[in-house]
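Here's the structure, in structure tokens; my notes come after.
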Amino acid sequence: MKFVLVVGARPNFMKIAPILDGFRARAGGSSDFVVTLVHTGQHYDHAMSDAFFADLSIREPDINLGVGSGSHAEQTARVMIAFEKVCLSERPDWVVVVGDVNSTLACSITARKLGIHVAHVEAGLRSRDMSMPEEINRLCTDAVADLLFTTDEIASENLRREGIAEENIAFVGNTMIDSLLRHHRRARDLPLPDGLRDRDYAVVTLHRPSNVDSVETLSPLFEAIRNIAERIPVVFPIHPRTRRNLETFGLVQGFNADSGIRFLAPLGYLRFIGLVSRSKFVLTDSGGIQEEATVLGVPCLTMRDNTERPITCSLGTNILVGTHPECIRRTAFSMLSGDRRPATIPPKWDGKAGERIVEALLYRCAAQSYYAAAV
Ligand code: UD1
């Protein structure tokens, strides 16, 4: 059996690492399989890609498609063209995609049209917001996938409602949390940036095009961040897109001169997790950080009006603060006065999702071989 595992962008790397580990743990056993790791090259900067491979001890990709940046159509199309060649030469039985980035969509459609089975890890998440490119990627990927691995029962229920057959849905837990549980102690021991003390700073991340691509949305958000920085030090590891737009719109004069805000280049996995785990709270528009903050027990203020991860609000530490500066400020200030909600860790976020996924894939392969031999 041949499996091709796909990664493309920063949030994919921590999701694939536990699956690679799961396959490694089963190698040499009774199952006979080959695993090929393909990097589409959607993210290519050292800080956005290579640093994660090093921190998570992921082996070098076997194939790098080197597609780089572009419009959504250009990037998706380039991945499809390059990945089709890989599918034709490697002839995998299964392609495993993770998350909701353009590479996820491109590879799942390409594989399925060639008659290759597709497994989607982190299936069924829905924000119901079709202005998010990731929501379109999730819907399309789930519509073509043969096996859908979910992180919680809400996601499984979303898939059932969309008509996905029960036998193709597997609630396995969260591979992003597998990586977190594996590495967070090591991450916590790393030194903090100079001058920061435990629980006495906030971490900000902001990169979503709907928040940062126009001055009308970015300016009030940045103003709210500045106001928070007047009360508590703010550390801001900045995505290349956000950095470019803050400069273009003239919102910062020199990245290190801005009072209270400490801008950093994008951080590697361990440094980022270490920073979040010791912070007072995190202010973000990311998807995955809502989950990581929940498990780390750190309050997460999400600058969006919706989330595809509602379990982080109902059980975890996540609060949707929207994008109105007053609401962001008010909630952040209440965190400073010690407001905290009780939070618990969602079921099966226990560090074993990668193992469960590999076991389910091998089981499905064995069943396929059995039926193929029987006919
Ligand atoms: C992508 C994902 C998003 C994820 C985010 C994490 C999609 C639709 N979006 O968004 O879900 O949360 O990754 O970062 O797939 N750039 C660099 N160096 C890089 C990569 C990008 O400078 O290594 C710059 C380029 O100018 C590029 C821009 O960042 O145009 C955006 O990159 P892109 O891959 O298009 O999307 P992200 O915003 O990173």
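Read left to right, the sequence shown gives residues 1 to 375 (my numbering). By construction, the Cβ of each residue, glycine as well, lies at the ideal position given by its N, Cα and C atoms. Note that this is a predicted model, so its numbers are computed, not measured.
Item: Touching by the beta-carbon criterion (3+ pairs, under 8 angstroms), the stretch 9-19 and the stretch 178-185; Value: yes
Item: Q75 classed as buried or exposed, judged by whether at least 16 other C-beta atoms fall within 10 angstroms; Value: buried
Item: Identity of the residue in E292, V375, C365 nearest L147 by Cα; Value: C365
Item: Contacting residues, own chain, Cβ-Cβ under 6 angstroms from V79 (five flanking each side not counted); Value: T40, V67, S103, A106
Item: Distance cut-off 7 angstroms: D100 Cβ against heavy atoms of ligand 1; Value: yes
Item: Length of the line joining the Cα atoms of S69 and H43; Value: 7 angstroms
Item: Terminal residues of the alpha helix (DSSP H) in which L105 lies; Value: 102-113
Item: Simplified DSSP state of H117, which is helix, strand or coil; Value: strand
Item: Given 8 angstroms, three or more beta-carbon pairs between the stretch 290-309 and the stretch 248-266; Value: no
Item: E84 versus G115: straight-line alpha-carbon distance, rounded; Value: 12 angstroms
Item: Neighbourhood of P240 by C-beta, 8 angstroms cutoff - its chain only, sequence neighbours within 5 removed; Value: D45, M48, P266
Item: Three-state secondary structure (DSSP) of V4; Value: strand
Item: C-beta atoms of T294 and G316 nearer than 8 angstroms; Value: yes
Item: Buried or exposed by the 16-neighbour rule on C-beta atoms within 10 Å, applied to S127; Value: buried
Item: Rounded distance between the beta-carbons of L159 and L270, thought under 8 angstroms; Value: 33 angstroms between Cβ atoms; not a contact.
Item: Those residues which DSSP pairs with R262 across a bridge; Value: V235
Item: Short Cβ contact (8 angstroms threshold) for N382 with V212; Value: What is shown of the chain runs 1 to 375, which leaves residue 382 out entirely.
Item: Inter-residue spacing [alpha-carbon to alpha-carbon] between I238 and G29; Value: 44 angstroms
Item: Straight-line gap, E326 to S334 (C-alpha atoms, nearest Å); Value: 12 angstroms
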